[in-house]
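2 protein chains.
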Amino acid sequence: MVIRPYGYAIWETIQSYLDGRFKELGVQNAYFPQLIPYSFITKEAEHVEGFAPELALVTKGGGKDLEEPLVVRPTSETIINHMFAQWVQSYRDLPLQLNQWCNVHRWEMRTRPFVRTLEFLWQEGHTAHATAEEAEEEARRMIDVYTDFAINMAAMPVVPGRKSRIESFAGANCTYTIEAMMGDRRALQAGTSHNLGTNFAKAFGTQYLNRESKRHFVHQTSWGVSTRVIGGIIMTHGDDKGLRLPPRLAPVQAVIIPIVKKEEDRVPVNEAAQRLAEAAKVAGIRIDSDERQTPGWKYNYWEMRGVPVRVEVGPKDVQSGTCVTARRDMPGKEGKQMGVPMESAAFVAHIKGLLEEVQTGLAAQAAAFRDANIVDVRNYEELKEAIAAGKWARGGWAASDEEEKRVKEETQATLRCFPFDQPPGPHTCLMTGQPANEVAIFAKSY
Amino acid sequence: MVIRPYGYAIWETIQSYLDGRFKELGVQNAYFPQLIPYSFITKEAEHVEGFAPELALVTKGGGKDLEEPLVVRPTSETIINHMFAQWVQSYRDLPLQLNQWCNVHRWEMRTRPFVRTLEFLWQEGHTAHATAEEAEEEARRMIDVYTDFAINMAAMPVVPGRKSRIESFAGANCTYTIEAMMGDRRALQAGTSHNLGTNFAKAFGTQYLNRESKRHFVHQTSWGVSTRVIGGIIMTHGDDKGLRLPPRLAPVQAVIIPIVKKEEDRVPVNEAAQRLAEAAKVAGIRIDSDERQTPGWKYNYWEMRGVPVRVEVGPKDVQSGTCVTARRDMPGKEGKQMGVPMESAAFVAHIKGLLEEVQTGLAAQAAAFRDANIVDVRNYEELKEAIAAGKWARGGWAASDEEEKRVKEETQATLRCFPFDQPPGPHTCLMTGQPANEVAIFAKSY
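Order-wise, the sequence lines are chains H and D. The UniProt record's numbering puts the last residue of the first sequence at 446; the count rises by one with no breaks. The UniProt record's numbering puts the last residue of the second sequence at 446; the count rises by one with no breaks.
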């Protein structure tokens, strides 16, 4: 998959936001080799079992067959533990919190742009801690960062929660996830944070001396968000006219369309448009003025690209000193506003207000859609009906791994998560009828 | 090679600077697949000849042998032209200026940290233009950006110039380079910009329709700077005590060392240090306060890491309201200053001034070293003497490719560049005694 500049600009804004959050939490960036000796991957038993079918292997280098194949990293726990085992000596070296922005490969059979690709870009955080409690706190803290990002930046009302054993990361004790509902009501795992326990530490011998000079294995986490989230944004907000981008991530937040029908209007109208664009740029708004011909064609062009706010400027507007704005989150007249002042300060304030409203509007629409499509189910029959109707099913769950697999086989739905936000109990397991400690959400995914 | 946080922070500052410059020039970021079908690499004859010996090949994916091996990108001209050929239709699509931040692999026999590694991080710009003149301008513009960066940010007084045919990029008509002199007087190619002419356009059919609806091949450039430049910074400025980092790129620009000998002094001294650090941070200075024990050990620690400015604060300083500063670019007493005011505004102004002075000081030292180690030579004997003495040799050059190769075989020195900044002529070819249009620089490299 090629990521063209318009899509990559979304990724750059995501990177900038998350990188800032990580650094506030004491995480530092680093870079580890991409090609990992095959033997590293095999050291953690569940990890190799989970990833072996998806690996790309380098077997030749510099014209020669390699003695040991190199794995094109699908994730970096193994190479990072190879280094952590050398770097971590004492409790003073902990916590160790690193992050890497890079590309990874998973040899998928069926691909789907942004959502399931052979190669994708991501960040992968890797941390080591002295105690199990600290690692658990870190894993939870990072899924909270992702939840904030999804809700506040991407306007995606994700459901944060815990994965089941079956659905957890290969090598983790526990995986936390944010699950997003797409426009087709499938679930998308938009970010994960893993409590790795001491699994990799034991496989690689990553130990530290505590204050009493006793050796202990470190407790670890890893966590990642990838370019898949761009697919999530597209599929959460998009409509029949194309993208609808949340203003905080949109590469172009507002576009000005000068409307010129007579040649004599061209210069004054374009100049007015340029003045507005300049004023907005100075105020930090990402804005373009599109002086090409044919307004209607331009409307479609920018609608398809999901630009949150459109500004229309015609010859009469220039005379009256006002213009028209339209919101991408509201169709037709509903989102239109006439008589918007073209005076710089008032115009900028209006656009900034609109961007906030579109951000909130998209989030509210997505939340309403999600809530309308989660069904509380009491038994397996109701679950099957909900899934067959394309919805998410939520109900008490205390059944076995085998029964979870059976749901998948029979309905194609998987256990997406045990949400952190649990409805008041008591709950009854929808499969067994026995008491359940918590509810789970089942849904189809990609 | 693993890049740890302290080194990676230098790369982040380099990225931030260059990315800003590129965007000012209209370049947009994008991302292309890393694994390139082998057949793409073979389409441009010189390109495959140059890169084939250094390739890493993926031959297995998802447990199966691939029908066609995939090349782990050594550079992306081929995959990018595969896309450009589809994207570029008309003169309206030009110029197309893209850049990608990514990792690349070259299967090197002898590696050297940062300078020659199997994998490195870089940016690679790729542009397409309607005319040969525009492509030439672009190639020159980008080597100018690199020259500015090297001189002003990295304090590396590089020599910009043109590579010989032999030393040009595989597939380019012409390569421009910035050549830096390391502390051991070897030359390091610290950045390159290539005028690719229509070579890749012809290989991939990258054509556009001009205003008269006639088909033409696009004229292209590519240009890159890599993590190698971090090696260049280390080897340009480093001394026997360790790194000396130019302030504009230093992850830690200043470090405060509280000097505590009696326990009762600990709190007031540490508090004073923290106040200074806080004031400097607010002013945008990257500063740390190191409250560990043993001042002398800490001096060595931060000297080795190349921190440009050290601030010493002891109990007497706290009483007098002054402190002591030391410059990393000047040894011992020479770089020390007593009685520096601890009042916030005055302290910050002093540190900012010192950082500018260290930046200038390192650049001046490196320039003096470079100038003292370039010898003007009149004939091949003098060239051999200069090279044997470990210096760079500069002299008129109008000889053949074969004679250039002979110099390399007999002296291990290569033609580094024909510098843009040419001394006044006329020149005589050092090898043939015939008139020469320009002088070239020969030197040993890594």
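C-beta atoms are modelled at their ideal positions from N, C-alpha and C, and glycine is treated no differently. As the structure is a computational prediction, the values presented were derived from the model and not from experiment.
With a beta-carbon spacing of about 5 Å, H:Ile257 and H:Lys298 fall inside the 8 Å limit used to define contacts. Going by beta carbons, H:Val115 and H:Tyr380 fall outside the 8 Å limit. Within the segment 18–34 of chain H, Gln28, Asn29, Ala30, Tyr31, Phe32, Pro33, Gln34 place their CB atoms closer than 7 Å to a CB of chain D, listed in sequence order.
In this chain, the alpha helix (DSSP H) harbouring D:Lys384 covers 380–388. DSSP assignment within the segment 111–194 of chain D yields the following whole beta strand (DSSP E) runs of 3 residues or more, N-terminal first: 119–129, 159–162, 174–181.
By the 16-neighbour rule on beta-carbons within 10 angstroms, H:Ala349 is exposed.
Contact check for D:Pro251 and D:Pro308: beta-carbon distance about 11 Å, past the 8 Å limit, so the pair fails to qualify.
Straight-line measurement puts the Cα of D:Phe51 at about 19 Å from the Cα of D:Gln220. Neighbours of H:Glu54 in chain D, taken as residues at a C-beta separation under 8 Å, are given in chain order as Gly62. In terms of CA proximity to D:Tyr301, D:Lys241 leads the group D:Leu276, D:Ile259, D:Lys241. H:Gly171 places its beta carbon less than 8 Å from that of H:Glu44. Taking all protein chains shown into account, H:Gln100 has 16 or more neighbouring C-beta atoms within 10 Å of its C-beta and is therefore buried. With its beta carbon at least 8 Å from every one in chain D, H:Glu291 lies outside the interface. Among the residues of the segment 215–240 of chain D, those with a Cβ less than 9 Å away from any Cβ of chain H are Thr227, in the order of the chain.
DSSP places D:Ser76 in the coil class of the three-state scheme, outside both helix and strand. Per DSSP, H:Asp376 is one residue of the beta strand (DSSP E) stretching across 374–376. Note on H:Glu138: 16 or more other CB atoms within 10 angstroms of its CB, so buried under the neighbour-count rule.
H:Lys405 sits exposed, since fewer than 16 C-beta atoms from the chains shown fall within 10 Å of its C-beta. The C-alpha of D:Phe169 is placed about 19 Å away from the C-alpha of D:Val158. Cα atoms of D:Phe420 and H:Ala346: separation of roughly 52 Å, rounded to the nearest angstrom. If you check the CB distance, H:Asp329 and H:Arg165 do not come in under 8 Å. For chain D, the residues of the segment 111–128 of chain H that bring a beta carbon within less than 7 Å of one of its beta carbons are Glu119, Leu121, in chain order. At a cut-off of 8 Å, the C-beta of D:Met304 has no neighbouring C-beta in chain H. Apart from the 5 residues on each side of it in sequence, D:Val318 sits with its Cβ closer than 7 Å to the Cβ of Pro268, Val269, Ala272 in its chain, given in chain order. At a cut-off of 8 Å between C-beta atoms, H:Thr198 does not count as an interface residue with respect to chain D.
DSSP places D:Thr42 in no beta strand (DSSP E); its state is neither H nor E. At least 8 Å separates the CB of D:Trp397 from every CB of chain H. Under DSSP, H:Gln28 shares a beta bridge with H:Leu98.
Under the three-state reduction of DSSP output, H:Pro69 falls in the strand class. Between H:Gly125 and H:Gly224, the gap from beta carbon to beta carbon is short of 8 Å.
D:Thr414 and D:Asn173 have their C-alpha atoms some 19 Å from each other. Membership of D:Ser226 in the beta strand (DSSP E) is indicated by the continuous run 219–226. Counting only residues of its own chain and dropping the five nearest sequence neighbours on each side, D:Gly191 has a CB closer than 6 Å to the CB of Tyr146, Ile178, Val225. Bridge partners of H:Val439 according to DSSP: H:Gly396. What H:Val307 touches in chain D, judged by beta-carbon distance under 8 Å, is nothing: the nearest beta carbon there is about 17 Å away.
In terms of CA proximity to D:Ile374, D:Met182 leads the group D:Met182, D:Asn437, D:Val407.
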